[in-house]
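Chains as they are written, first to last, in our numbering: chain R, 1 to 161; chain S, 162 to 322; chain U, 323 to 483.
All remarks here apply to the structure that follows.
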């Protein structure tokens, strides 16, 4: 059972103008890892707020996995990838690549997502796009990878401890 | 109707030793976006010249889309990706990835293209390889993506204006 | 006939606790390029040691191609991509991308490899994962690309010399 943090990044959602459908969906999807949500928040598309929560979910809550939804597009308000990049120790480029390349098959527009995944300490952080449909599709793409990635990341840290 | 700039980058072409077949092909292809070519130039494979034109096509001509052809390979004279990287505000990694991954299916050698795409202000800049065949193939790969990407990029800037 | 260097990166192997099955396999595989192994070493997962050998295999031995195996995963001891990145003149992003994207089809876990490929001087350097199975699969993915990439890289240097 993996411990999971879910961070919804949405100006409209955090202003109360939109239900957090994607965040709710992620709560359900992570059960299949199997995973247990320890911490959840919804915040606006602000680099500093995102950084702060990613650090808190990783270092404070010691989540095995942190999933974000929202802010991965190419508009000026989309800053999730930059915020994520700035807090990870190293990137796992294939996580973003495979979501885009597999996503393109169903919907070519998926390729403009700038979502990334990487490791901070003992926490795997992965960005998902904001729409529920994209969350579901991307989760399915990564489902065969996430448990293995967490095990490799954690196991290896213990090897070296 | 999107406004388009086309920049052909070729030592031989700009020295008059080769027809700009790829640039001409791009003029035809962009009509299908639908797009209208506002500015076109052919220049040698020089980082400073490329940077200067990309800035002029974006900030001066205010193109929605700038397409380059040439200089994306792995020889010492191929500097288009570096020049492009140095003028964009942020990268859209999936544009280069999908051209390489879809291209590999038809021609494995497509994977050594270092073409990138990204955003400068309100302009989407995308590199294509130099050969007419590669230009046509890559344009077809990106055709279902480009109008959406321009709309997202521009729409969002207006949202935040 | 291309000149090749093979560098096995393995803590266990270099401590004598494991046979270098992947290195031996690479010796056989490169014959099909066709290639001839000029230099081979096995070293631990240490950034400085990897950097030193990559520079020696490239600048000293003047290999056309240097293949590494091992250290491309996401554990703390996996530092091959970082060491490689630090000695190359420029990255060829499609080499890592295609190994991950084609690899995912057979084994989704392949996407967490952080392997990269790039150019140092007149040498093409490419990382492979550590397991013999992954070495074989990734070599097959890149086989239709490597000779062309070496020719382009070398030919172009000569063009400009």
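Cβ coordinates follow ideal geometry from the N, Cα and C atoms, glycine included.
Which chain R residues are close to residue 309 of chain S, counting only those with a beta carbon under 9 Å from its beta carbon? Here residue 309 of chain S refers to the residue found at position 148 of the second chain. Within chain R, the C-beta atoms nearer than 9 Å to that of residue 309 of chain S come from 108, 109, 112, in chain order.
Residue 408 of chain U, buried or exposed, once every other Cβ within 10 Å from all chains shown has been counted against 16: Working through the third chain from its first residue, we reach residue 408 of chain U at position 86. Residue environment: residue 408 of chain U is assigned as exposed (fewer than 16 neighbouring CB atoms within 10 Å of its CB, all protein chains considered).
Could you please tell me which residues of the stretch 281-314 of chain S, in chain order, have their CB closer than 8 Å to any CB of chain R? Within the stretch 281-314 of chain S, the residues whose Cβ lies closer than 8 Å to some Cβ of chain R are 305, 306, 309, 310, 313, 314, listed in chain order.
Identity of the residue in U:345, U:323, U:326 nearest residue 332 of chain U by Cα: Your numbering for residue 332 of chain U matches position 10 in the third chain. Of U:345, U:323, U:326, the residue nearest in Cα terms is U:345.
Using 7 Å as the threshold, is the C-beta distance between residue 392 of chain U and residue 330 of chain U below it? For the purposes of this step, residue 392 of chain U is taken as residue 70 along the third chain, with counting starting at 1. For the purposes of this step, residue 330 of chain U is taken as residue 8 along the third chain, with counting starting at 1. Cβ distance < 7 Å, so residue 392 of chain U and residue 330 of chain U count as in contact.
Among S:179, S:164, S:314, S:181, which one has its Cα closest to the Cα of residue 198 of chain S? In the second chain, the residue the question calls residue 198 of chain S occupies position 37. Answer by Cα proximity: S:164.
Mind checking who residue 372 of chain U pairs with in its DSSP beta bridge? Your numbering for residue 372 of chain U matches position 50 in the third chain. Answer by DSSP bridge pairing: none, since residue 372 of chain U is not bridged.
Can you tell me which residues form a DSSP beta bridge with residue 440 of chain U? As a working mapping, residue 440 of chain U is identified with position 118 in the third chain. Looking at the DSSP assignment, residue 440 of chain U forms a beta bridge with U:413, U:447.
What does a CB cutoff of less than 6 Å around residue 161 of chain R pick up in its chain, not counting 5 residues either side in sequence? To locate residue 161 of chain R, count along the first chain from 1; it is residue 161. A caution first: residue 161 of chain R carries a pLDDT of 31, below 50, which makes its placement in the model unreliable, though a value can still be read off. Around residue 161 of chain R, the same chain offers no residue with a beta carbon nearer than 6 Å, after the five sequence neighbours per side are excluded.
Taking DSSP as the reference, what is the three-state secondary structure of residue 168 of chain S? For the purposes of this step, residue 168 of chain S is identified with residue 7 of the second chain, where counting begins at 1. Three-state DSSP puts residue 168 of chain S in a strand.
Hey, would you say residue 372 of chain U sits closer than 7 Å to residue 348 of chain U, going by beta carbons? Counted from its first residue, the third chain places residue 372 of chain U at position 50. Counted from its first residue, the third chain places residue 348 of chain U at position 26. The answer is no: Cβ separation not under 7 Å.
Tell me which residues share the same chain as residue 17 of chain R and place their Cβ nearer than 8 Å to its Cβ, disregarding the 5 neighbours each side in the sequence. Locating residue 17 of chain R in the first chain gives position 17, where the first residue counts as 1. Nothing meets the Cβ criterion.
Within this structure, are the beta carbons of residue 43 of chain R and residue 14 of chain R separated by less than 7 Å? Here residue 43 of chain R corresponds to residue number 43 of the first chain, with the count starting at 1. Here residue 14 of chain R corresponds to residue number 14 of the first chain, with the count starting at 1. In this structure, residue 14 of chain R lies closer than 7 Å to residue 43 of chain R by Cβ.
With DSSP collapsed to three states, give me the class of residue 204 of chain S. Within the second chain, residue 204 of chain S is the residue found at index 43, counting from 1. Of the three classes helix, strand and coil, the one that applies to residue 204 of chain S here is strand, per DSSP.
Hey, does residue 92 of chain R have any beta-carbon neighbour from chain U nearer than 7 Å? Sequence index remark: in the first chain, residue 92 of chain R carries index 92 (1-based). Output row for residue 92 of chain R: interface = yes.
Assuming residue 433 of chain U contacts residue 98 of chain R (C-beta within less than 8 Å), just tell me the rounded distance between them. Position 111 of the third chain holds residue 433 of chain U. Position 98 of the first chain holds residue 98 of chain R. Taking C-beta atoms under 8 Å as the contact rule, residue 433 of chain U and residue 98 of chain R qualify, at a distance of about 5 Å.
Tell me the DSSP bridge mates of residue 229 of chain S? Sequence index remark: in the second chain, residue 229 of chain S carries index 68 (1-based). Beta-bridge pairing links residue 229 of chain S to S:168, S:288.
Roughly how many angstroms lie between the CA atoms of residue 142 of chain R and residue 33 of chain R, to the nearest whole one? In the first chain, the residue the question calls residue 142 of chain R occupies position 142. In the first chain, the residue the question calls residue 33 of chain R occupies position 33. CA-CA distance, residue 142 of chain R to residue 33 of chain R, rounds to 10 Å.
Does chain R have any CB closer than 7 Å to the CB of residue 277 of chain S? Counted from its first residue, the second chain places residue 277 of chain S at position 116. Residue 277 of chain S does not count as touching chain R.
So, does the CB of residue 364 of chain U fall closer than 7 Å to a CB anywhere in chain S? As a working mapping, residue 364 of chain U is identified with position 42 in the third chain. Taking Cβ atoms only, chain S never reaches closer than 7 Å to residue 364 of chain U, which makes this a no.
Any chain U beta carbon closer than 7 Å to residue 163 of chain S: Here the question's residue 163 of chain S lines up with position 2 in the second chain. Not one chain U Cβ lies under 7 Å of residue 163 of chain S.
Tell me the rounded alpha-carbon separation between residue 406 of chain U and residue 125 of chain R. Locating residue 406 of chain U in the third chain gives position 84, counting from the first residue. Locating residue 125 of chain R in the first chain gives position 125, counting from the first residue. Whole-angstrom Cα-Cα distance: 24 Å.
Excluding the five sequence neighbours on either side, which residues of its own chain have a C-beta within less than 8 Å of the C-beta of residue 62 of chain R, listed in chain order? Sequence index remark: in the first chain, residue 62 of chain R carries index 62 (1-based). Around residue 62 of chain R: 3, 122, 123.
Could you name the residues of the same chain whose beta carbon sits closer than 6 Å to that of residue 275 of chain S, not counting the 5 residues immediately before and after it, in chain order? In the second chain, the residue the question calls residue 275 of chain S occupies position 114. So the list reads 233, 242, once near-sequence residues are dropped.
Candidates R:57, R:132, R:60, R:139: closest to residue 96 of chain R by CA position: As a working note, residue 96 of chain R is residue 96 in the first chain. Checking every option, the nearest Cα to that of residue 96 of chain R belongs to R:139.
Exposed or buried, which one is residue 94 of chain R when buried takes at least 16 other CB atoms within 10 Å? Sequence index remark: in the first chain, residue 94 of chain R carries index 94 (1-based). Using a 10 angstroms sphere on the CB of residue 94 of chain R, the tally of other CB atoms reaches 16 or more, which defines it as buried.
Should residue 314 of chain S go down as buried or exposed, given a rule of 16 or more other Cβ atoms within 10 Å for buried? Position 153 of the second chain, counting from 1, holds the residue named residue 314 of chain S. Counting Cβ neighbours within 10 Å, residue 314 of chain S comes out buried, since at least 16 surround it.
Quick check on the burial criterion: 16 or more other C-beta atoms within 10 angstroms. Buried or exposed for residue 250 of chain S? In the second chain, the residue the question calls residue 250 of chain S occupies position 89. Exposed.
7 Å Cβ cutoff, residue 319 of chain S in contact with chain R: Position 158 of the second chain, counting from 1, holds the residue named residue 319 of chain S. Because residue 319 of chain S carries a pLDDT of 43, less than 50, the predicted location of this residue cannot be relied on, and no value is offered for it.
In whole angstroms, give me the CA-to-CA distance for residue 486 of chain U and residue 181 of chain S. The structure shown does not extend to residue 486 of chain U, since chain U is modelled only from 323 to 483, so the question has no answer here.
For residue 148 of chain R and residue 298 of chain S, what's the separation of their Cα atoms in angstroms? By 1-based counting over the first chain, the position of residue 148 of chain R is 148. By 1-based counting over the second chain, the position of residue 298 of chain S is 137. CA-CA distance, residue 148 of chain R to residue 298 of chain S, rounds to 36 Å.
Please identify the residue among R:54, R:65, R:40, R:57 whose C-alpha is closest to the C-alpha of residue 146 of chain R. As a working mapping, residue 146 of chain R is identified with position 146 in the first chain. It is R:65 whose Cα lies nearest to the Cα of residue 146 of chain R.
Select from U:367, U:352, U:379, U:375 the residue whose C-alpha is nearest the C-alpha of residue 399 of chain U. Counting from 1 along the third chain, the entry for residue 399 of chain U is found at position 77. If we check each option's Cα against that of residue 399 of chain U, U:367 comes out closest.
Just to confirm my understanding: we take residue 252 of chain S, look at its own chain, exclude 5 residues before and 5 after, and list those with CB closer than 8 Å. What are they? Here residue 252 of chain S refers to the residue found at position 91 when the second chain is read from its first residue. Taken in chain order, the residues that qualify are 246, 277, 278, 279.
Coil, strand or helix - residue 433 of chain U by DSSP: Taking the first residue of the third chain as position 1, residue 433 of chain U is located at position 111. DSSP places residue 433 of chain U within a helical segment (H, G or I) once states are collapsed to three.
Rounded Cβ spacing between residue 41 of chain R and residue 31 of chain R (contact assumed at less than 8 Å): For the purposes of this step, residue 41 of chain R is taken as the residue at position 41 of the first chain. For the purposes of this step, residue 31 of chain R is taken as the residue at position 31 of the first chain. Contact doesn't hold; Cβ gap of about 19 Å is too wide.
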